[in-house]
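First the structure, in the form of structure tokens, and then the observations on it.
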Amino acid sequence: MNIALVTGSAGLIGAAAVRLFAEKGYRVVGVDNDMRAYFFGAEASTDWAREKLEQEIPNYIHRKIDIRDQLAVEKLFKEFSSDIKVIIHTAAQPSHDWAAKEPFTDFTVNANGTLNLLEMTRLHCPAATFIFTSTNKVYGDTPNYLPLVELETRWEVKPGERYAEHGIDETMSIDQCKHSLFGASKVAADILVQEYGRYFEMKTAIFRCGCLTGPGHSGAMLHGFLAYLMKCAITGDQYNVFGYKAKQVRDNIHSYDLVNCFYHFCQAPRIAEVYNMGGSRSSNCSMLEAIALCEKITGKKMNYSYADSNRSGDHIWWISDVRKFRSHYPDWEYQYSLTDTLNQIHDELCERSRAPKKVANQ
Ligand SMILES: NC(=O)c1ccc[n+]([C@@H]2O[C@H](COP(=O)([O-])OP(=O)(O)OC[C@H]3O[C@@H](n4cnc5c(N)ncnc54)[C@H](O)[C@@H]3O)[C@@H](O)[C@H]2O)c1
Numbered sequence: 032m033n034i035a036l037v038t039g040s041a042g043l044i045g046a047a048a049v050r051l052f053a054e055k056g057y058r059v060v061g062v063d064n065d066m067r068a069y070f071f072g073a074e075a076s077t078d079w080a081r082e083k084l085e086q087e088i089p090n091y092i093h094r095k096i097d098i099r100d101q102l103a104v105e106k107l108f109k110e111f112s113s114d115i116k117v118i119i120h121t122a123a124q125p126s127h128d129w130a131a132k133e134p135f136t137d138f139t140v141n142a143n144g145t146l147n148l149l150e151m152t153r154l155h156c157p158a159a160t161f162i163f164t165s166t167n168k169v170y171g172d173t174p175n176y177l178p179l180v181e182l183e184t185r186w187e188v189k190p191g192e193r194y195a196e197h198g199i200d201e202t203m204s205i206d207q208c209k210h211s212l213f214g215a216s217k218v219a220a221d222i223l224v225q226e227y228g229r230y231f232e233m234k235t236a237i238f239r240c241g242c243l244t245g246p247g248h249s250g251a252m253l254h255g256f257l258a259y260l261m262k263c264a265i266t267g268d269q270y271n272v273f274g275y276k277a278k279q280v281r282d283n284i285h286s287y288d289l290v291n292c293f294y295h296f297c298q299a300p301r302i303a304e305v306y307n308m309g310g311s312r313s314s315n316c317s318m319l320e321a322i323a324l325c326e327k328i329t330g331k332k333m334n335y336s337y338a339d340s341n342r343s344g345d346h347i348w349w350i351s352d353v354r355k356f357r358s359h360y361p362d363w364e365y366q367y368s369l370t371d372t373l374n375q376i377h378d379e380l381c382e383r384s385r386a387p388k389k390v391a392n393q
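The end of the sequence shown is residue 393 by our numbering, with every number in the run present.
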């Protein structure tokens, strides 16, 4: 049987990948040790998603392995060996701000963990396709030096300037800028994945993502922008906005639309490809616009504070140019608009809050 190995399988993107690849006929092996609860607290645990996958996906196999554990990862690859046809690597310490708290943890999860997976792929299933979820933070704060203009609710690149129409493409330099330690550990992993493609001719792809979102996110203050914003909109908890007059712009892609890119790539894999991927011009918002949308959906005023100082190295404006991916995979298309996604997040959060709370560590 063809196996899809998904790391971070209980996370937003991992769980969406498990569902899509199972639906497409793969037997899915998931790896997730719920480290998200360690990073962001019990409320951000993804264990609920692991439980759901085990209940809902026939033949789903879950392994609570830490991707830093070389021996455990090696044992897993030896077990399934060349039956593994695709590796979708989404497990990560995903927060820009958290990384500075524990640089060793951040780097070993993001960089060493990725190396473990790449090397085991090379040794045990070198013909498999290896997909890595990288980030737009590999471009560091370079986008902040674009010629920006202030509009009523958002920053924009000055019309007519490079990147204004379609967003930022893969040619922007990733060098000599401020990345945050998270950005640096992801750069290390991103380059490793490229190198296993170029040097060993393995079928590797790097998706440098804008904001990823969807009803499956376990939103926390430090990670999961729209999910956490909507959570605050529903509960009335205070949301804190940092800097840029709350006009910073993010593009947002639904988890399904991203994993559908992965599926298209697997159908016709290439070597060492790098793609910027996000909501692009189709789905993006500023902080003020996102707040207004949440207020419209919940019918309640949001409780938010504003501090003038921005998060160090935070992007003022990011929109992904996804035309390179589209040109390689013209059959791929977005399924979800920003409003669809926010409505889904809203409904799922209301549903989860009604579900009976489970006793810890059951
Ligand atoms: N969410 C975003 O906005 C965003 C943006 C750009 C890039 N990305 C990248 O996309 C990927 C997926 O993001 P997400 O939002 O689904 O994250 P997520 O936190 O929802 O999922 C990641 C999962 O990996 C697991 N994990 C973490 N460390 C692990 C370890 N050492 N061993 C095993 N499992 C571990 C976590 O428990 C979690 O369930 C990450 O690599 C992230 O850096 C995310």
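For every residue, glycine included, the Cβ atom is placed at its ideal position computed from N, Cα and C.
Quantities reported herein were computed from a predicted structural model and do not represent experimental measurements.
Q. Buried or exposed: where does residue 56 fall if 16 or more other Cβ atoms within 10 Å of its Cβ makes it buried?
A. exposed
Review point. To which residues of the same chain is residue 209 closer than 6 Å at the C-beta, ignoring the five residues directly before and after it?
Key: 171, 172, 344
* **Proximal residues to residue 152 (C-beta, below 8 Å), its chain only, five neighbours per side dropped** => 108, 115, 118, 159, 161, 227, 233
### Task
Output the boundary residues of the alpha helix (DSSP H) element that contains residue 322.
318–329
Legend entry - DSSP-derived helix/strand/coil call for residue 222: helix
(Q) Comparing C-alpha positions only, which one of 358, 218, 85, 47 sits nearest to residue 204? (A) 218
Residue 405 and residue 185 closer than 8 Å at C-beta:
It is not possible to answer for residue 405, since the shown part of the chain is limited to 32 through 393.
Q) Mind checking residue 294: buried by the 16 CB within 10 Å criterion, or exposed? A) buried
message = Can you list, in chain order, the residues of its chain with a C-beta nearer than 6 Å to that of residue 346? Leave out the 5 residues immediately preceding and following it.
response = 174
key: Inter-stretch contact (C-beta, 8 Å, three-pair minimum) for the stretch 357–376 and the stretch 278–285   = yes
- request: Tell me whether residue 210 counts as near ligand 1, meaning its Cβ is closer than 7 Å to at least one heavy atom of that ligand.
  value: no
- Same chain, Cβ closer than 6 Å to residue 189, neighbours up to 5 away in sequence not counted: 178, 180
- residue 395 in three-state terms, based on DSSP: In the structure displayed, the chain extends from 32 to 393; residue 395 sits before or after that span and is not available.
Does the Cβ of residue 198 have 16 or more other Cβ atoms within 10 Å, making it buried, or fewer, making it exposed? buried
(Q) Here's a check: name, in chain order, each residue in its chain whose Cβ is nearer than 7 Å to the Cβ of residue 224, leaving out the five neighbours to either side. (A) 145, 149, 161, 163, 235, 237
Practice problem: Report back the beta-carbon spacing between residue 263 and residue 167 to the nearest angstrom; my notes put them in contact at under 8 Å. | Solution: Rounded, the Cβ-Cβ distance is 24 Å, inconsistent with contact.
Exercise. Closer than 5 Å from C-beta to any heavy atom of ligand 1: which residues, in chain order?
Worked result: 39, 41, 42, 43, 44, 63, 64, 65, 66, 67, 77, 97, 98, 121, 122, 123, 125, 140, 164, 166, 240, 242, 243
- [ ] Work out the CA separation of residue 129 and residue 254 for me, nearest whole Å.
- [x] 9 Å
* Could you pull the start and end residues of the beta strand (DSSP E) that residue 239 belongs to? => 234–240
Q | Own chain partners of residue 53 with C-beta closer than 6 Å, once the 5 adjacent residues on each side are dropped | A | 59, 88
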